[in-house]
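Structure first, then comments.
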Amino acid sequence: KVAIKGIERELICPACKELFTHPLILPCQHNVCHKCVKEILFAFEDSFADAGSESSNQSSPRIRISASSMDRIDRINRSGIKRNSLTPRSTLFPCPGCQRDIDLGERGINGLFRNFTLETIVERYRQAARAAIAIMCDFCKPPPQESTKSCMDCSASYCNECFKIHHPWGTVKAQHEYVGPTTNFRPKILMCPEHEMERVNMYCEICRRPVCHLCKLGGGHANHRVTTMSTAYKTLKEKLSKDIEYLISRESQVKAHITQLDLLLKETECNSERAKQEASQSFEKLYHVLEEKKSAALRAIETSKNIKLEKLQTQVEEYQGLLENNGLVGYAQEVLKETDPSCFVQTAKQLHVRIQKATESLKSFRPAAETTFEDFVVDTAKQEDILGDLSFHSNGLEIPEINEEQSRMYNKALICWECPGKTDTADIYVLEYHKLNREDESVTWQKTEVCGKSKVLSDLDDDSSYAFRVRGYKGSICSPWSREVILRTPPAPVFSFLFDDKCGYNNEHLQLNPRRTSVESRAGFPLLLGSERLQVGCYTTLDYIIGDTGIAKGKHFWAFHVEAYSYLVKVGVVPSNKIQKLFHNTHDVTSPRYEQDSGHDSGSEDAFFDSSQPCTLVTLGMKKFFIPATPAAPKDPASRILPLPSCLGICLDCDRGRVGFYDAGRMKCLYECEVDCSGIMYPAFALMGSAAVHLEEAVTAKYGEYHDDI
């Protein structure tokens with residue numbers, strides 16, 4: 001037999017930390033007291049309504065929701081999960097055993113089985129430990145007698161006399177089953193909690209719980225694999241017995257592990273004391289260095305003070321000598337009383353020199369020493385930053401790395417990072433950033449704590465470079481800082497717009513997505529039919545599309561992606577007074593290098609073509625960016641062709657009348673020119689052949705740090 005007193009750990013409720021009382025089996029197979037389940041559910045649902053307020057966490061003196069459960073409540077509230085009366089209500093229960101949110105289904109607590117086996121074991125433990133007081137008879141007149149037996153059919157306890165009275169010989173009650181005094185009255189037949197009139201006679205292997213035949217026919221277990229109760233009983237009992245026999249046979253191995261763990265406990269204690277001593281010694285060294293520096297600084301200040309006081313005191317004495325009948329003046333007055341010319345001249349010459357110096361010093365008075373001690377100000381800003389970063393460094397925490405490809409600088413900054421081993425060993429991350437300023441030598445890092453591996457920042461200045469770094473924390477242990485990454489913000493505030501599907505939009509050649517953030521040109525049958533009649537050259541019209549919002553003043557920036565397979569795309573801006581000309585331009589064709597009617601190189605025609613354009617555009621295509629041929633541009637055509645960036649940006653400054661084209665990934669200007677901003681300016685795009693343009697999406701709250709599965 002196993003000693004009943006040695007299993008107390010298995011009989012303690014993980015919520016109230018007391019012996020189980022009417023335990024219920026959760027879907028995760030953990031047991032919790034019936035009363036505890038109700039109290040936790042009450043506190044948990046109240047926390048949803050009150051967003052985790054302090055009062056909601058004090059609904060029961062026995063139960064306190066753990067910090068991790070409160071964090072999950074907060075995340076679920078932030079995630080916007082809403083339920084209405086038309087949707088089935090599923091009850092979430094934070095299991096105190098496995099710290100997970102368990103779905104109890106529509107029936108909630110009423111759909112849970114009571115663990116009668118565990119109840120019986122707890123009752124035997126109480127009796128063996130003599131923790132329970134004597135069970136009194138339920139039917140005795142006061143004072144009640146101690147019971148001698150309990151009837152399982154009546155669910156009551158009796159003394160000998162009362163049992164004979166209520167179970168007379170020869171009646172049906174005389175056939176009732178009775179046991180020793182107990183408070184654990186378990187039913188003879190286990191009934192289904194969903195179908196209260198049906199007994200359970202099958203076992204669901206998917207949900208690992210007993211079910212009735214109605215559950216299998218049309219309930220929630222209709223498509224689940226089930227087996228008979230007798231088969232499940234036999235199979236589970238054989239497995240459990242076999243596993244118990246294996247563990248008992250390995251008793252010596254278990255004891256060896258216990259001995260090893262005891263040694264590890266002692267070793268942990270010793271190592272912790274050693275670590276405390278080493279940490280204390282490290283701080284003592286710092287204290288010693290600081291004390292030495294402090295003493296040296298105080299000595300230097302004291303020495304300087306004494307020198308200054310001595311100089312000032314000497315100067316005071318000199319000026320006191322200039323008073324009448326005192327010092328130098330008094331001595332000179334006595335010399336003036338000399339009547340012998342020879343003796344007077346002999347003494348007065350040197351005295352006159354001293355009197356002249358005193359007169360000059362009086363006219364240009366200046367203290368002999370400064371009263372300030374500005375040279376002795378100790379600058380500890382850098383040391384304070386270093387001491388602020390002082391923490392335990394561990395090789396177990398990986399150094400995070402900022403992912404420059406996933407990070408974005410647009411209307412807001414999205415900073416993403418990852419660990420090289422792809423494992424999240426840190427509990428929390430600290431992201432620091434500061435603006436790069438050549439004039440300001442001192443660096444002040446701004447700090448923010450992040451639970452996930454990304455952070456959205458909205459307080460950055462336009463047209464500025466920022467340095468970012470991140471480190472991970474696990475308790476009091478932190479990883480070293482990551483490599484600093486420098487990213488640049490857009491040159492102006494981000495301008496948001498969609499493609500206009502009304503003004504001049506050609507739905508035969510262009511195709512918009514439902515959100516109007518992408519446009520695609522397909523070289524299909526319309527292009528072939530349009531070119532069928534042509535014999536020489538390639539007169540193919542560009543298909544234009546503009547933004548649905550215009551710009552009247554100020555400086556604005558927008559970005560977009562051009563697909564790598566695009567044959568020809570033009571991007572830029574167009575004023576409102578030239579939009580009609582843009583969509584009905586007779587010269588808007590791809591000029592052939594050799595025309596049928598000219599018979600020579602049409603370079604002059606290209607110049608006429610460029611000057612006649614109603615809008616300012618640059619040409620993209622075949623993975624290239626073409627700088628327009630202007631007097632300031634390089635004469636060599638090859639030097640005007642750049643690789644096409646993965647993301648392009650346009651910056652329009654209406655006040656200065658200039659438009660710039662940027663590599664939006666690096667925020668580097670590729671080309672800038674003047675533009676007429678007399679009217680309202682609209683973003684303009686032109687596509688020919690197979691091509692596609694996608695507007696850059698704004699960084700919004702969907703890029704938040706919470707990636708946990710709710």
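Note that the UniProt record's numbering gives residue 277 to position 277 of the sequence shown, counting from 1, and the numbers run on in steps of one. The beta carbon of each residue, even a glycine, is placed where N, CA and C say it ideally should be.
Here's a check: name, in chain order, each residue in its chain whose Cβ is nearer than 8 Å to the Cβ of Asp-418, leaving out the five neighbours to either side. Reading off the sequence shown, one finds Glu at residue 418, where the question assumed Asp. So the list reads Pro-400, Glu-401, Asn-403, Lys-453, once near-sequence residues are dropped.
For Pro-341 and Arg-354, I'd like the C-alpha separation in whole angstroms. Each residue's CA atom was taken as its position, placing Pro-341 and Arg-354 some 20 Å apart.
Bridge-paired residues (DSSP) for Lys-668: Looking at the DSSP assignment, Lys-668 forms a beta bridge with Asp-663.
With a threshold of 8 Å, establish whether the CB of Phe-283 neighbours any heavy atom of the ligand GDP. This structure does not include the ligand GDP; it has no bound ligands of any sort.
Between the region 561 to 574 and the region 675 to 693, do three or more beta carbon pairs fall short of 8 Å? The region 561 to 574 vs the region 675 to 693: in contact.
Cβ pair Met-152, Val-122 closer than 9 Å: At a Cβ-Cβ threshold of 9 Å, Met-152 and Val-122 do not count as neighbours.
If I'm right that Tyr-466 touches Leu-436 with Cβ under 8 Å, what's the distance once you round it to whole angstroms? Right, their Cβ atoms sit about 7 Å apart.
Nearest-angstrom Cβ-Cβ length linking Leu-644 and Val-562, presumed shorter than 8 Å: Cβ-Cβ separation between Leu-644 and Val-562: approximately 7 Å, consistent with a contact (criterion under 8 Å).
Along the chain, where does the alpha helix (DSSP H) that runs through Glu-278 open and close? Under the DSSP assignment, Glu-278 falls in the alpha helix (DSSP H) whose first and last residues are 251 to 320.
Pull up the distance between the alpha-carbon of Ala-633 and that of Asp-462, whole angstroms please. Spanning the two alpha carbons is a distance of roughly 28 Å.
Suppose the cutoff is 6 Å on Cβ atoms and the five residues either side in sequence are ignored; what does the same chain contact list for Gly-660 look like? If we look at Gly-660 and ignore the five residues flanking it on each side, its Cβ neighbours are Cys-651, Cys-669, Glu-672.
Below 9 Å between beta carbons: does that hold for Phe-376 and Ile-301? Contact: yes.
Among all the DSSP beta bridges, which residues are the ones paired with Asp-653? In the DSSP assignment, Asp-653 forms a beta bridge with Lys-555, Arg-658.
With a 10 Å radius around its C-beta and 16 neighbouring C-beta atoms as the bar for buried, classify Trp-169 as buried or exposed. Exposed: under 16 other Cβ atoms inside 10 Å.
According to the neighbour-count rule (16 or more other Cβ atoms, all chains shown, within 10 Å of its Cβ), is Arg-471 buried or exposed? If you draw a 10 Å sphere on the C-beta of Arg-471, you find 16 or more other C-beta atoms in it, and that means buried.
Count the CB pairs spanning the region 288 to 307 and the region 336 to 351 that are closer than 8 Å, and state whether there are at least three. At 8 Å Cβ cutoff, the stretches do not touch.
Nonlocal neighbours in the same chain, by C-beta distance under 8 Å from Glu-484, ignoring five residues either side: So the list reads Ala-467, Phe-468, Arg-469, once near-sequence residues are dropped.
For Thr-87, which residues of its own chain have a beta-carbon under 8 Å away from its beta-carbon, when the five flanking residues on both sides are left out? With a pLDDT of 38 at Thr-87, under the threshold of 50, the modelled position of that residue is not reliable, and the figure given next carries that caveat. Hits under 8 Å: none found.
Please state whether DSSP places Ile-399 in a helix, a strand or coil. Coil, per DSSP.
Host beta strand (DSSP E) of Asp-103 (start-end): From DSSP, the beta strand (DSSP E) with Asp-103 extends over 101 to 103.
What does DSSP give as the partner residues of Val-693 in its beta bridges? DSSP output for Val-693 lists Val-519, Val-562 as bridge partner(s).
Let me check understanding here. Comparing Cα to Cα, which of Asp-655, Arg-658, Ser-566 lies closest to Trp-619? One point to set straight first is that residue 619 is Thr, not Trp, in the sequence displayed. Per the Cα distances, Ser-566.
Length of the line joining the Cα atoms of Ala-368 and Glu-360: Rounded to the nearest angstrom, the gap between the Cα atoms of Ala-368 and Glu-360 is 15 Å.
Just to confirm the assignment, what range does the alpha helix (DSSP H) spanning Cys-162 have? Element bounds for Cys-162: 160 to 166.
Could you tell me the distance, in whole angstroms, from the CA atom of Leu-240 to the CA atom of Ser-249? Per the coordinates, the alpha-carbon of Leu-240 lies some 14 Å from the alpha-carbon of Ser-249.
Where does the unbroken alpha helix (DSSP H) through Pro-341 begin, and where does it stop? For Pro-341, the uninterrupted alpha helix (DSSP H) run begins and ends at 341 to 363, by DSSP.
Other residues of its chain near Pro-480: CB distance less than 6 Å, five sequence neighbours each side excluded: Excluding sequence neighbours, Pro-480 sits near Ile-399.
Mapping DSSP to helix, strand and coil, what is Leu-498? Three-state DSSP puts Leu-498 in coil, outside helix and strand.
Check Ile-680 in the structure and name its three-state DSSP category. Per DSSP, reduced to three states, the secondary structure at Ile-680 is coil, with no helix or strand assignment.
Just tell me which of Thr-630, Leu-460, Ser-690 has its CA closest to the CA of Met-622. Checked all of Thr-630, Leu-460, Ser-690; the closest Cα to Met-622 is Ser-690.
Mapping the DSSP letters down to three states, classify Val-335 as helix, strand or coil. The answer is helix: DSSP assigns Val-335 an H, G or I state.
Quick one: what's got a C-beta closer than 7 Å to Cys-162's C-beta in the same chain, skipping five residues either side? If we look at Cys-162 and ignore the five residues flanking it on each side, its Cβ neighbours are Cys-137, Phe-139, Cys-140.
Closest by C-alpha distance to Ile-307, when choosing among Leu-265, Gln-356, Asp-243, Thr-372: Closest option to Ile-307, Cα to Cα, is Thr-372.
N-terminal and C-terminal residue of the beta strand (DSSP E) that Phe-468 is part of: Unbroken beta strand (DSSP E) run through Phe-468: 465 to 474.
Give the DSSP-derived three-state secondary structure of Pro-592 in the structure shown. Because Pro-592 sits at a pLDDT of 38, beneath the cut-off of 50, its placement in the model cannot be relied upon, and the following sentence gives the value as read from the coordinates. Here Pro-592 sits in coil by DSSP.
Which term fits Cys-343, buried or exposed, when burial requires 16 or more other beta carbons within 10 angstroms of its beta carbon? By the neighbour-count rule (16 or more Cβ atoms within 10 Å), Cys-343 is not buried but exposed.
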